[in-house]
Amino acid sequence: MAEIELPDGSVREAPDGATVGDIAQQIGPGLAKAALVGRLNGELVDLSTPVCGRARLEIITTKSDAGLEVLRHSCAHIMAEAICSIWPQARLVYGPAVRDGFYYDIDLDTAIRPEDFDRIEAKMREIIKADTPFQRIEMNREDALQKMARDVYKTDNIQRAEGDVISFYSHGDGFQDLCRGPHVPATGRIDPKALKIMSVAGAYWHGDASEKMLQRVYGTVWRNKKELDEYLHMLEEAKKRDHRLIGRQMDLFSFHEEGPGFAFLHPKGMVIWNAIIDFWRSVHRKYGYEECKTPIILNEALWHRSGHWDNYKENMYFTTVDNVNYAIKPMNCPGGLLIYKSNKHSYREFPIRMAELGLVHRYEPSGQMHGLVRVRQFTQDDAHIFCMPEQIQQEIVGVINLVMELYRAFGFGDYHIELSTKPDKHIGSDEIWEIATSALANALKEKGIDYQLNPGDGAFYGPKIDFHIADCLKRSWQLGTIQLDFSMPERFELTYTDKDNTEKTPVMIHRAILGSLERFMGILIEHYGGHMPLWLAPEQIRVLPISDKTSDYAVAVTARLKRANLRCSTDMSSEKIGAKIAKTHGDKVPYMVVVGPKEAETDTVSVRWAGQTENIAVSVDKFISIVTEKIDDKSADVAFK
RNA sequence: GCCAACGUAGCUCAACGGUAGAGCACUGGUUUUGUAAACCAGCGGUUGAGGGUUCGAUUCCCUCCGUUGGCUCCA
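If you use numbering that gives the first Met the number 0, the first sequence corresponds to residues 0 to 640, in order.
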């Protein structure tokens, strides 16, 4: 008899050889009906798997994430069969479940096009309707290799597979595919109304750009149609937050064929930009930073010395002036090093914290550009800290505090941190790496911050800490980075005079907090869906006269708001008030103040704010003081009470 | 860079071998309005660029440029 321990701790008996499915049936017919796979002694298995001896077993249904993942994986196989039935010459490569769906990589000379999705889906529904069982076939590695000898992809997969037993799954009309499994018991377990082919894109075999480009067909499947619809709706909503769309709607920035990858910031976008920078500067002053500015074009020799020529040439732009070769800077550090070298330094000056909003150019292959978040020209909120080794930890703590203060102010409370350590290819002694890495780790410990360790992922010149924030759609973005560098100071022979009157080499810390200002602005726009917090909003208030009978009062109110340093405009069009309000909502202006004869008489305004239909009357002075206070507090809450 | 798709008025889209059309925006006029879009008229395009096929190309073919979705890389 098999003794089966269930997740609730209870133990059941079943004849040896009873399958996972049998046991689900024994527990209850409802569960058996819902069961997709089992987790037997911690491992996911098919329902047809026999259970012997003492075992721990959990029945997995679609309710769990694991169940949904199996469902998606099985659906990938069904899609593979559908595709193979349409294009018999298609060769299958690899088809896993991924976040929100699945894909299958396929080697097929004819291109699969979006127009083909309908018939792929139709075929999939046919396969599901036939409700044929998924059957597992096992064999040893040798037999499997022999069986697949003519298939370069499956042979490769077998060679990469672990263990001695290689399994295949068959379902439908004789379709069979190499697969570790497990799978749902039968194709009919998938809701034919809950699946959708999403897209097709190229993908390199093994993710290697030198390998063949395969066709990757993406699909999604959910527990039921309702969940699919919710997912599709979520995608629609995410699309509406796209910073490229909002940037156009709100007239913040544009891109032009004349300069691919180079953003044009419009006056309204520039207001956001300057608001970010004003705040950034004030916080940096508070944290003891000075600011510098280094040239964009510098002699090529500098870049040989810095190592960029050897390591970064492919991403750089070059130019020639008077027969001398120059490079357009892709990073700010070499310029910062020259500033350091223009004076002699003492340990007494340390730490030197020198910030630079540096405009850098990096060549990006055309297919990689994306709105503001991936461009060829951007402004880094860079800084270089020069200090002694024993000052590293306190400096790192200082940077972390600065990072957290900035992120919080912009509404990003959700972030995680990664610490990357010494890679195989590195320069510098083990001792200095030890000091540097423990300084980073200790700084994080001192702040009580949890972090993820990425062993061997550091830069060749030093370990680093990366900051990743999550936006309102839970998408993760890498923003900040802190990198310890022992290489540049040596290459550039930086020195300082120590207490003992000897010349020593300082440590350099590179750090960026917002990363690229262009990208950060794009992320902010998506995070807020264009509804910027008051202190960042390009237009904070719009004054809406009821008719031109009150336009004088509207002009007077606007003038008072402007004197109070508020960003506002007046809608003097001959539209009705409802139309003015609708337009102002559309323009995502946080506050609108309606003024008519009633307000003009009492020196008040009727305030209405973003997303609300409510409005309240307050005196102009009170309105100014409340709004000013919200701006000073960087409040994200525009509610007006 | 690679694979695929797309490129029509400032924006969003239609027409898909036979003289290019709508809504919004813009301009002028009417309306003088009380809380999410009044009415009328007008302006606006060698259909991304270049070449080819055709009596005729926005439509079919080729090259280039740009954009989008992925892959690889990255702030």
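In this text, a Cβ means the ideal position worked out from N, Cα and C, and glycines have one as well.
**Asked** Cβ of Ala349 within 8 Å of Cβ of Cys386?
**Response** Here residue 349 is Phe; the residue named in the question, Ala, does not match the sequence. Cβ distance < 8 Å, so Phe349 and Cys386 count as in contact.
**Item:** Inside the segment 297-362 only - alpha helix (DSSP H) runs reaching at least 4 residues
**Value:** Listed in chain order, they are 299-305, 307-311, 332-340.
**Request:** Quick one: using the 10 Å Cβ neighbour count with 16 as the cut-off for buried, is Lys32 buried or exposed?
**Result:** Exposed, by the Cβ-count rule.
**Prompt:** For Arg541, which of helix, strand or coil comes out of DSSP?
**Reply:** Under the three-state reduction of DSSP, Arg541 is assigned to strand.
**Item:** From Glu628, Lys192, Ile119, residue whose alpha carbon lies closest to that of Lys225
**Value:** For Lys225, the closest of Glu628, Lys192, Ile119 by C-alpha to C-alpha distance is Lys192.
**Message:** For the pair the segment 67-76 and the segment 170-185, tell me if three or more CB-CB distances fall below 8 Å.
**Reply:** Yes, the segment 67-76 is in contact with the segment 170-185.
**Asked** Does the distance from the C-beta atom of Cys74 to that of Ile196 stay below 8 Å?
**Response** Cβ atoms of Cys74 and Ile196: not closer than 8 Å.
**Same chain only: Cβ atoms within 7 Å of Ala129, ignoring 5 sequence neighbours per side** = Answer for Ala129: Gly171, Thr186, listed in chain order.
**Request:** From the DSSP output, read off the bridge partner residues of Trp534.
**Result:** The partner list for Trp534 (beta bridge, DSSP) is empty, contrary to what the question assumes.
**Message:** Looking at the strands, I want to know which residues DSSP matches up with Ser198.
**Reply:** Tyr217, per the DSSP bridge assignment.
**Residue interval of the alpha helix (DSSP H) (run including Met123)** = From DSSP, the alpha helix (DSSP H) with Met123 extends over 116-129.
**Message:** For Asp150, which residues in the same chain have their Cβ closer than 7 Å to its Cβ, ignoring the five residues on either side in sequence?
**Reply:** Same-chain partners within the cutoff: Arg90.
**Request:** Could you say which of Gly258, Asn400, Val323, Val372 lies nearest to Ser515 if we only look at CA atoms?
**Result:** The option with the nearest alpha carbon to Ser515 is Val372.
**Request:** Have a look at the DSSP bridge pairing and note the partners of Asn453.
**Result:** Residue pairing by DSSP puts Asn453 in a beta bridge opposite Ser419.
**Message:** DSSP has Ala54 in a bridge; who is on the other side?
**Reply:** Ala54 is bridged by DSSP to Ile3.
**Asked** So, is Ser305 buried or exposed, given that buried needs 16 or more other C-beta atoms within 10 angstroms?
**Response** It is buried - the Cβ of Ser305 has at least 16 other Cβ atoms within 10 Å.
**Request:** In the DSSP assignment, find the unbroken beta strand (DSSP E) run with Trp608 in it and report its ends.
**Result:** Unbroken beta strand (DSSP E) run through Trp608: 603-608.
**Item:** Residue interval of the beta strand (DSSP E) (run including Arg510)
**Value:** From DSSP, the beta strand (DSSP E) with Arg510 extends over 506-515.
**Item:** Closest by C-alpha distance to Val374, when choosing among Val36, Ala638, His255
**Value:** Of the listed residues, the one whose Cα sits closest to Val374 is His255.
**Prompt:** Between the Cα of Ala79 and the Cα atoms of Arg38, Ile126, Asp64, which residue gives the shortest distance?
**Reply:** Distance check between Ala79 and each of Arg38, Ile126, Asp64 places Ile126 closest, using alpha-carbon atoms only.
**Asked** Between the C-alpha atoms of Ile431 and His425, what's the straight-line distance to the nearest angstrom?
**Response** Near 12 Å, if we compare the C-alpha coordinates of His425 and Ile431.
**Asked** With C-beta atoms as the reference, is Gly410 less than 8 Å away from His526?
**Response** Yes; because the gap between Cβ atoms is below 8 Å, this pair is in contact.
**Message:** In the DSSP assignment, the alpha helix (DSSP H) including Asn139 goes from what residue to what residue?
**Reply:** Not the alpha helix (DSSP H): Asn139 falls in the beta strand (DSSP E), residues 134-139.
**Asked** From this set, Val50, Phe278, Gly260, Ser253, which residue's C-alpha is nearest Pro266's C-alpha?
**Response** Of Val50, Phe278, Gly260, Ser253, the residue nearest in Cα terms is Ser253.
**Asked** Out of His530, Asp7, Ile157, which has the shortest C-alpha to C-alpha gap to His242?
**Response** Measuring from the Cα of His242, the nearest candidate turns out to be His530.
**Residue range of the alpha helix (DSSP H) that includes Thr584** = A quick correction: the sequence has His, not Thr, at residue 584. Counted as a single uninterrupted DSSP element, the alpha helix (DSSP H) harbouring His584 occupies residues 576-585.
**Prompt:** In or out: Glu538 buried (at least 16 other Cβ within 10 Å) or exposed?
**Reply:** Buried, because 16 or more other Cβ atoms sit within 10 Å of the Cβ of Glu538.
**Request:** Measure the C-alpha to C-alpha separation of Gly577 and Ala609 and round it to an integer number of angstroms.
**Result:** For Gly577 and Ala609, the distance between alpha carbons rounds to 15 Å.
**Message:** Applying the 10 Å Cβ sphere with the 16-neighbour rule, what's the burial state of Gly37?
**Reply:** Buried, because 16 or more other Cβ atoms sit within 10 Å of the Cβ of Gly37.
**Message:** Under DSSP, the beta strand (DSSP E) around Gly479 begins and ends at which residues?
**Reply:** Its beta strand (DSSP E) spans residues 475-484.
**Message:** Let me make sure I understand the geometry here. Which of Tyr102, Ser475, Met368, Thr18 has the alpha-carbon closest to that of Leu213?
**Reply:** For the residues Tyr102, Ser475, Met368, Thr18, the minimum Cα distance to Leu213 belongs to Tyr102.
**Prompt:** Looking only at DSSP bridge pairs, what is Arg149 linked to?
**Reply:** Answer by DSSP bridge pairing: none, since Arg149 is not bridged.
**Prompt:** Tell me which same chain residues have a C-beta within less than 7 Å of the C-beta of Cys51, skipping the five on either side of it?
**Reply:** Taken in chain order, the residues that qualify are Ala1, Asp15, Gly16.
**Message:** I believe Glu210 touches Tyr217 by the beta-carbon criterion, under 8 Å. Please report the beta-carbon distance rounded to the nearest angstrom.
**Reply:** Going by Cβ atoms, the distance from Glu210 to Tyr217 rounds to 20 Å, so no, they are not a contact pair.
**Prompt:** Nearest to Asp228 by alpha carbon, out of Asp99, Leu533, Pro132, Gln379?
**Reply:** It is Asp99 whose Cα lies nearest to the Cα of Asp228.
**Prompt:** Can you name the start and end residues of the beta strand (DSSP E) that Met591 belongs to?
**Reply:** 590-594 is the extent of the beta strand (DSSP E) around Met591.
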